[in-house]
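360 is the number that the numbering used here gives to position 254 of the sequence shown; each next residue is one higher, with no gaps.
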Amino acid sequence: MDQSSIDALRAQEIAPRGHFINGAFQAGETGALHEVQSPINGQPLTQIAEGSPADVGAAVRSARTAFEDGRWSRMSPAGRKKVLLKLANLIESRALEIAVLGVRDNGTEINMAYKAEALSAAATFRYYAEAIDKIYGQVAPTSHDVLGLVHHAPVGVVGAIVPWNFPLMIGSWKIAPALAAGNSIVLKPAESASLSLLKIAELAAEAGIPDGVFNVVTGRGSVVGEALALSMDVDIMVFTGSGATGRRLLEYSARSNLKRCYLELGGKSPNIVFADAPDLAEAAKVSAAGIYRNSGQVCVAGSRLLVQQDIYEDFVAEITRHAESFRVGDPLDLNSQIGAVHSLPELDANLDFVKKAEAEGAERRTGGERILTETGGYYMSPTVMAGVKETDNLFQNEVFGPVLAVTPFKDEAEAVRLANATVYGLAGGVWTSNLSRAHRMVAEVRTGVMHVNTYGGADLTVPLGGVRQSGNGHDKSLHALEKYFDLKTAWIKL
Ligand code: ADP
107 MDQSSIDALR AQEIAPRGHF INGAFQAGET GALHEVQSPI NGQPLTQIAE GSPADVGAAV
167 RSARTAFEDG RWSRMSPAGR KKVLLKLANL IESRALEIAV LGVRDNGTEI NMAYKAEALS
227 AAATFRYYAE AIDKIYGQVA PTSHDVLGLV HHAPVGVVGA IVPWNFPLMI GSWKIAPALA
287 AGNSIVLKPA ESASLSLLKI AELAAEAGIP DGVFNVVTGR GSVVGEALAL SMDVDIMVFT
347 GSGATGRRLL EYSARSNLKR CYLELGGKSP NIVFADAPDL AEAAKVSAAG IYRNSGQVCV
407 AGSRLLVQQD IYEDFVAEIT RHAESFRVGD PLDLNSQIGA VHSLPELDAN LDFVKKAEAE
467 GAERRTGGER ILTETGGYYM SPTVMAGVKE TDNLFQNEVF GPVLAVTPFK DEAEAVRLAN
527 ATVYGLAGGV WTSNLSRAHR MVAEVRTGVM HVNTYGGADL TVPLGGVRQS GNGHDKSLHA
587 LEKYFDLKTA WIKL
């Protein structure tokens with residue numbers, strides 16, 4: 107990856123794109139287009155199809171037809187594996203092109219987009235491709251005169267709705283296991299970050315995924331997303347996004363066919379630093395990356411820093427120093443460490459959180475400003491808000507921006523209480539050299555993931571999912587496959 111290749115790719119015009127339905131791009135029923143802006147400079151970038159319920163209907167029908175006739179669902183697992191490995195290789199061979207395309211509409215810094223978006227998507231397709239011909243059904247321990255078999259049957263048509271922060275990484279976490287298991291899929295990307303996923307659909311066809319098996323309908327959540335989640339012919343929904351939309355999906359399910367909904371809804375993850383942390387300098391450095399990378403637009407971001415009283419002032423000073431040292435700027439400049447905030451409404455919401463926190467008595471140690479306004483893009487300085495109280499808005503609610511809320515605690519009991527004092531439960535971290543305390547914290551902090559003496563960076567081998575109002579179900583690992591199968595029992599009298 108070098109700057110001149112990136113600059114050549116960014117200079118390319120992006121032609122308007124339609125939906126990807128039944129193996130081909132199409133304009134959609136109304137032909138309406140949705141303008142996509144680049145957060146890099148606030149300028150129009152291209153247009154994508156503004157989907158309608160009729161477009162969703164067409165995509166779901168093509169997915170259903172493909173599923174029922176077995177062109178993919180009845181292909182042997184080894185056959186599906188071959189196609190998905192080809193797709194992984196295609197993604198890998200075009201990784202820079204895909205990463206730059208994604209950065210242009212979502213604003214993530216290119217080093218991260220290349221690894222965490224493009225290469226990680228390739229790795230995810232490869233992981234589930236390689237897994238799928240190694241999964242066995244079961245023989246039940248019955249009496250000798252019957253045979254009880256438990257088969258894994260694909261569920262049918264999967265509806266997937268994904269957000270704009272890591273469209274390709276999160277999208278692949280859903281598309282790859284769903285396809286590996288033999289399902290058909292209709293995907294709705296975020297309206298402001300659809301380009302890289304449309305490219306994956308194109309490559310999927312090139313790799314040999316049969317027509318109709320993988321469809322993408324672009325457009326608004328309130329139109330396309332709603333129609334998909336209300337469809338009587340979608341068997342499960344898999345979703346990553348806000349709690350408000352997650353609630354709606356459950357309502358849509360209740361109003362339609364009671365489809366299962368798997369929801370990953372973000373969090374307000376506690377990162378807990380004890381005075382006995384093995385290396386406080388390392389803890390500050392990693393904790394800063396754990397909140398500020400991708401401008402804090404990360405569902406597992408360690409956005410609540412809980413620091414033991416004895417080291418509080420020194421640690422806040424150290425993390426403030428790190429916050430100020432990040433190079434924020436053009437996400438397609440290899441020297442930038444943090445790119446753009448995804449959109450103007452997101453940036454305004456972040457700034458509003460800071461203003462409200464100050465009004466509630468928190469101290470702004472650094473950041474909290476829109477910067478680089480001369481570029482026309484949406485950039486924000488990494489922000490440290492200290493002295494945040496349990497009852498504050500900033501303690502309780504997810505910002506989804508580069509804003510760290512810091513709160514002191516006295517002892518382990520208070521750390522656990524504060525860690526669990528929000529409605530969320532996605533991720534968390536604990537820094538301590540006391541092994542027993544580390545295990546106690548892992549057990550007592552109610553989250554789906556706990557980091558010990560690090561923050562972030564888990565790979566595909568472990569599941570990611572939330573508890574409480576952070577959602578249900580898991581992405582990544584073999585566990586993610588479970589939701590894309592129904593268990594089917596065969597009870598055979600011998
Ligand atoms: P975020 O804060 O990440 O934008 P959203 O939940 O608004 O969270 O968006 C995540 C995804 O959900 C996007 O693809 C968006 O278009 C979609 N979405 C938003 N509203 C709805 C809705 N009412 N029904 C279905 N999908 C929706």
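From the three backbone atoms N, C-alpha and C, an ideal C-beta is built for every residue, glycine too.
Report whether the distance from the Cβ of residue i to the nearest heavy atom of the ligand ADP is below 7 Å.
i    : result
T481 : no
S290 : no
P269 : yes
K294 : yes
A282 : no
E332 : yes
T351 : yes
R639 : Since the first residue of the chain shown is 107 and the last is 600, residue 639 is not available in this structure.
R354 : yes
A138 : no
G347 : yes
A601 : Past the edges of the chain, shown from 107 to 600, lies residue 601, and the structure says nothing about it.
E297 : yes
A165 : no
A407 : no
A335 : yes
Counting along the chain, where does the alpha helix (DSSP H) carrying residue i start and finish?
i    : result
S199 : P183 to S199
A165 : P159 to D175
T351 : G349 to R361
F501 : N499 to Q502
V522 : E518 to A525
A335 : E332 to L336
Taking a contact to mean a Cβ-Cβ separation below 8 Å, would you say residue i touches residue j in this structure?
i    : j    : result
G208 : I146 : no
R210 : L304 : no
K582 : L566 : yes
T497 : R470 : no
I216 : L440 : yes
A387 : E424 : yes
G331 : S348 : no
V548 : G507 : no
K599 : H257 : no
V522 : V551 : yes
F320 : A335 : no
P159 : V263 : no
M218 : R366 : no
Y485 : L450 : no
V406 : S375 : yes
S368 : I342 : Sequence inspection shows Tyr at residue 368; the Ser mentioned does not correspond to that position. It is a contact, given that the beta carbons lie within the stated cut-off.
E518 : R543 : yes
V142 : Q153 : yes
I112 : A164 : no
Between residue i and chain D, is there a C-beta pair that is closer than 8 Å?
i    : result
G482 : The chain inventory of the structure shown lacks chain D, comprising one protein chain alone.
What would DSSP say about residue i, mapped onto helix, strand or coil?
i    : result
M556 : strand
P488 : coil
W270 : coil
S290 : strand
T152 : strand
G493 : coil
P283 : helix
E141 : strand
I477 : strand
A465 : helix
K594 : strand
K305 : helix
L510 : strand
I276 : helix
D581 : strand
N321 : strand
A564 : coil
G327 : helix
K589 : helix
R180 : coil
V460 : helix
L570 : strand
The beta strand (DSSP E) spanning residue i covers which residue range?
i    : result
Y368 : R366 to E370
A259 : V252 to P260
V548 : From DSSP, V548 is part of no beta strand (DSSP E) but of the alpha helix (DSSP H) over L541 to E550.
G109 : The sequence as given places Gln at residue 109; Gly does not occur at that position. Here Q109 belongs to no beta strand (DSSP E); instead the alpha helix (DSSP H) covers Q109 to R116.
V342 : According to the sequence shown, residue 342 is Ile rather than Val. Here the beta strand (DSSP E) through I342 covers I342 to T346.
A533 : A533 to W537
A130 : A130 to Q132
Where in the segment 378-434 do unbroken runs of the beta strand (DSSP E), each at least 3 residues long, occur, reported from the N-terminal end onward?
410-414
Report the residue ranges of all alpha helix (DSSP H) runs contained in full by the segment 202-252; include only those spanning at least 4 residues, in chain order.
226-238
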